[in-house]
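Beneath this line is the structure, given in structure tokens, with notes to follow.
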Amino acid sequence: MKILILNGPNLNLLGIREKSVYGSESFESYFEELKEAFPAMELSYFQSNTEGVLIDKLHEVGFSYKGIVFNGGAYTHTSVALSDAIKAIETPVIEVHISNVYARDAFRHKSMLAPFCKGVITGFGMESYRLALQYFERMKPKQI
Ligand code: DQA
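Residue numbers -1 to 142, in my numbering, belong to the letters of the sequence shown in order.
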């Protein structure tokens, strides 16, 4: 089962950036843990700070992969183009956030992406990604 974890802007700085909000682990190191935890999944990881590159990646995998776990970072709250891309593809997308966006600034309470996603997981630290993968692991393709 091919699953892509897609991270948006500034998430390349996980482990360095605002540690009190996002923790001190890099995504690359957490991704190694995820690969061990889900050996039956063909997990891949991609990060970009650029909106168009994220859109290209959604188009590239969005008609063949079984699932996408997407942290759009700040684009979550602003991007019509990314919401259109999620609407356009066939692969189900789960929106994830490390922090609880509802406990933060009001502008983070709105997601442009959520209406076109299977669901949203927010506030569980890096474990938000693991919870999303558990959904894809447990659901039969028809149920996703
Ligand atoms: C974030 C929350 C966003 O509001 C913020 O812009 C991020 C990270 C999170 O994972 O908590 O860059 O998506």
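Note that CB positions come from ideal geometry on N, CA and C, so glycine has one too.
**OP:** Within 10 angstroms of the Cβ of P37, are there 16 or more other Cβ atoms? Answer buried if so, exposed if not.
**Re:** In the sequence shown, counting from the first residue as 1, residue 37 sits at position 39. Answer is exposed; the Cβ neighbour count stays below 16.
Subject >> Own chain, CB closer than 8 Å to S62, minus 5 neighbours either side, in chain order >> reply: For the purposes of this step, residue 62 is taken as residue 64 along the sequence shown, with counting starting at 1. These residues qualify, in order along the chain: K0 and T89.
**OP:** Run the proximity test for R128: is its beta-carbon closer than 8 Å to any non-hydrogen atom belonging to the ligand DQA?
**Re:** By one-based count along the sequence shown, residue 128 stands at place 130. Not under cutoff, so the answer is no.
Subject >> Continuous beta strand (DSSP E) stretch holding H95: start and end >> reply: Here residue 95 is taken as the residue at index 97 of the sequence shown, counted from 1. Counting along the chain, the beta strand (DSSP E) containing H95 begins and ends at V91 to H95.
Original post:
Can you tell which of V67, D54, G6 and L56 has the C-alpha that lies nearest to the C-alpha of K116?
Top reply: The residue labelled residue 116 in the question sits at position 118 within the sequence shown. That would be V67, whose Cα lies nearest to the Cα of K116.
Subject >> Environment of A104 [buried if 16+ CB atoms lie within 10 Å] >> reply: Sequence index remark: in the sequence shown, residue 104 carries index 106 (1-based). That one is exposed.
**OP:** Report yes if the CB atom of N5 is closer than 9 Å to the CB atom of G71, and no otherwise.
**Re:** The residue labelled residue 5 in the question sits at position 7 within the sequence shown. The residue labelled residue 71 in the question sits at position 73 within the sequence shown. Their beta carbons are under 9 Å apart, which means N5 touches G71 by this criterion.
Original post:
Per DSSP, what kind of secondary structure is Y63 in: helix, strand or coil?
Top reply: Taking the first residue of the sequence shown as position 1, residue 63 is located at position 65. Correct three-state label for Y63: coil.
**OP:** Return yes when the C-beta of N8 is under 8 Å from any heavy atom of the ligand DQA, and no when it is not.
**Re:** As a position in the sequence shown, residue 8 is number 10, starting the count at 1. Yes - the ligand DQA has a heavy atom lying nearer than 8 Å to the Cβ of N8.
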